[in-house]
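Visitor: Got a structure for you, questions after.
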Ligand SMILES: Cc1cc2nc3c(=O)[nH]c(=O)nc-3n(C[C@H](O)[C@H](O)[C@H](O)COP(=O)(O)OP(=O)(O)OC[C@H]3O[C@@H](n4cnc5c(N)ncnc54)[C@H](O)[C@@H]3O)c2cc1C
């Protein structure tokens, strides 16, 4: 069912209903708006212990359930799939109200579940899979990570080597995945595996929904130098997945992976805040009396413009996606713009803070920016590197000649 366009009156009525529900369901964040009060975190990645991250994910899940049950958790999803069937204007209106409340911060794994895996399931799932698995994902009951990258397949994802071999009604999967964000907390993984090594590399892949508690699955968190463990290695040793958990046709795994990556790139920076931006930089510059410096002013203006462009592009993409279309290469433009915006915010913060960025004096809202500066480059890699986005833009949007390739034959014969 197509989503309903917003009339001013309907939107205002929705806003009143949402505001009343939020006031009943969450505590206001009011005193945190003041400089020096509340959390000053502008971290791009969570740097938490296992227990703290688990506790955060529980809170995120509870809040999502609360919203879903009240009809605010899947606003732009079609009614027949458990959503409210509304346009993104309603979602924006809700998000604008929600920021004033003390609700759990975003978490990468719930974002992957809601914005990457759920729409992929909608596109490629059988009616039975959609009926069974979509609601728990949208309601925040279950989390699903991405099992794409391997030690020898990141940018060259379609060259991946995890094998799935058909055996009766099952597939037997053996291989290794890496950089699987949040796998230690997920119930499911969207797995891409090689089912036909004799086909050209993109044609021999198939996608599955993998329950991570199956025998033979070994999830090992990777300790980062920051102390946190955002990523995992996932070892798969003769894991038997029933064919009923295959996502899409046999051999259509590359199409499924591209859809998920398209959703990832298209969603980049779309809703929840990652790191710091205009909202934190302006009071920072004012507080440190750097807002009269011409260089700082120029950078702040650039950050503001970049965020406005990102917001409008996100809105346009979202509207065009509501009909259930597959995401296209334009998502690469969005992702590139988003990571460039994060780098711009880093530059502006450095110009405002100067030496305060390098030494922790305990001053609120200053040294905290190191977590933005050190984390932002990670998103130049996640979801496909900047170079890969540029290749996609050149090849598929601008019609420039494709990269020279030496991997056109069967995957089995491609030199590795
Ligand atoms: C924060 C973060 C979260 C992640 N989460 C997940 C996840 O949840 N699930 C998952 O499966 N993976 C995840 N990844 C992995 C990510 O998708 C890969 O790291 C990424 O695709 C790059 O692959 P690679 O690390 O193997 O680098 P490589 O592919 O080895 O690339 C190395 C360098 O070579 C360049 N390069 C490679 N090929 C080309 C080319 N054709 N043209 C120009 N330059 C090229 C790259 O741009 C890069 O600079 C995550 C990564 C990060 C940083």
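Numbering (this note's numbering), first residue to last: 3 to 418. Note that CB positions come from ideal geometry on N, CA and C, so glycine has one too.
(1) The alpha helix (DSSP H) that contains residue 169, what's its start and end?
(2) Is residue 413 helix, strand or coil when you go by DSSP?
(3) Please write down, chain order preserved, every residue whose beta carbon lies under 5 Å from a heavy atom of ligand 1.
(4) What ranges does the alpha helix (DSSP H) occupy inside the stretch 254 to 334, keeping only unbroken runs of at least 4 residues that lie completely in it?
(5) Based on Cα-Cα distance, which residue from 382, 355, 383 lies nearest to residue 371?
(6) Is residue 312 closer than 7 Å to residue 348 when the C-beta atoms are compared?
(7) Pick from 333, 202, 252: whose alpha carbon is nearest that of residue 267?
(8) I'd like to check one pair, residue 178 with residue 233: are the Cβ atoms closer than 7 Å?
(9) Give me whichever residues DSSP pairs with residue 194 in a beta bridge.
(10) Assuming residue 394 is part of the alpha helix (DSSP H), what are its boundary residues?
(11) Determine the burial state of residue 9: buried for a count of at least 16 other Cβ atoms within 10 Å of its Cβ, exposed for fewer.
(12) Let me know the secondary structure DSSP gives residue 176 once reduced to three states.
(13) Quick check on residue 217: buried or exposed, where buried means 16 or more other Cβ atoms within 10 Å of its Cβ?
(14) What is the residue span of the beta strand (DSSP E) that residue 220 lies within?
(15) If you pair each beta-carbon of the stretch 150 to 169 with each one of the stretch 201 to 213, do three or more pairs fall below 8 Å?
(16) State the CB to CB distance for the pair residue 166 and residue 197, rounded to an integer number of angstroms; the pair is presumed to be in contact (CB under 8 Å).
(17) Pull up the CB-CB distance for residue 200 and residue 410, whole angstroms please, since I reckon it's below 8 Å.
(18) Between residue 148 and residue 192, what straight-line distance do the alpha-carbon atoms span, to the nearest angstrom?
(19) Is it true that the stretch 238 to 252 meets the stretch 17 to 30, where meeting means three or more beta-carbon pairs spaced less than 8 Å apart?
(20) So, helix, strand or coil for residue 244, using DSSP?
(21) When you compare each of 219, 308, 317 to residue 344 by their alpha carbons, which one comes out closest?
(22) Hey, how far is the Cα of residue 260 from the Cα of residue 376?
Guide: Answer, in terms of the structure:
(1) What you label residue 169 is simply residue 167 of the chain shown in a count that begins at 1. Note, residue 169: premise wrong, no alpha helix (DSSP H); beta strand (DSSP E) at 165 to 169.
(2) Walking along the chain shown from the start, residue 413 turns up at place 411. In this structure, DSSP gives residue 413 a helical state, which the three-state scheme calls helix.
(3) 148, 150, 151, 156, 157, 181, 182, 183, 380, 383, 384, 387, 389
(4) 255 to 269, 280 to 289, 296 to 323
(5) Looking up residue 371 in the chain shown gives position 369. Checking every option, the nearest Cα to that of residue 371 belongs to 355.
(6) Taking the chain shown and counting its residues from 1, the one referred to as residue 348 is at position 346. Taking the chain shown and counting its residues from 1, the one referred to as residue 312 is at position 310. Between residue 348 and residue 312, the gap from beta carbon to beta carbon reaches 7 Å or more.
(7) Counting from 1 along the chain shown, the entry for residue 267 is found at position 265. It is 333.
(8) As a first step, residue 233 is located in the chain shown; it is residue number 231 there, counting from the start. As a first step, residue 178 is located in the chain shown; it is residue number 176 there, counting from the start. No; because the gap between Cβ atoms is not below 7 Å, this pair is not in contact.
(9) Against the chain shown, residue 194 aligns to sequence position 192. Answer is 209.
(10) Your numbering for residue 394 matches position 392 in the chain shown. Note, residue 394: alpha helix (DSSP H), 388 to 394.
(11) Translated into positions along the chain shown, residue 9 becomes position 7. Residue 9 is exposed by the Cβ-count criterion.
(12) The residue you call residue 176 lines up with position 174 of the chain shown. Residue 176 falls in the strand class under three-state DSSP.
(13) One-based indexing of the chain shown puts residue 217 at position 215. Counting Cβ neighbours within 10 Å, residue 217 comes out exposed, since fewer than 16 surround it.
(14) For this step, residue 220 is matched to residue 218 along the chain shown. Residue 220 -> beta strand (DSSP E) spans 219 to 224.
(15) yes
(16) Translated into positions along the chain shown, residue 166 becomes position 164. Translated into positions along the chain shown, residue 197 becomes position 195. Confirmed, about 5 Å.
(17) Locating residue 200 in the chain shown gives position 198, counting from the first residue. Locating residue 410 in the chain shown gives position 408, counting from the first residue. No, residue 200 and residue 410 are not in contact; Cβ-Cβ is about 14 Å, not under 8 Å.
(18) As a position in the chain shown, residue 148 is number 146, starting the count at 1. As a position in the chain shown, residue 192 is number 190, starting the count at 1. Distance between residue 148 and residue 192, taken at the CA atoms: about 5 Å.
(19) no
(20) Position 242 of the chain shown, counted from the first residue, corresponds to residue 244. Three-state result, residue 244: strand.
(21) Within the chain shown, the letter at position 342 stands for residue 344. By alpha-carbon distance to residue 344, the top candidate from 219, 308, 317 is 308.
(22) Position 258 of the chain shown, counting from 1, holds the residue named residue 260. Position 374 of the chain shown, counting from 1, holds the residue named residue 376. Cα-Cα distance, rounded: 28 Å.
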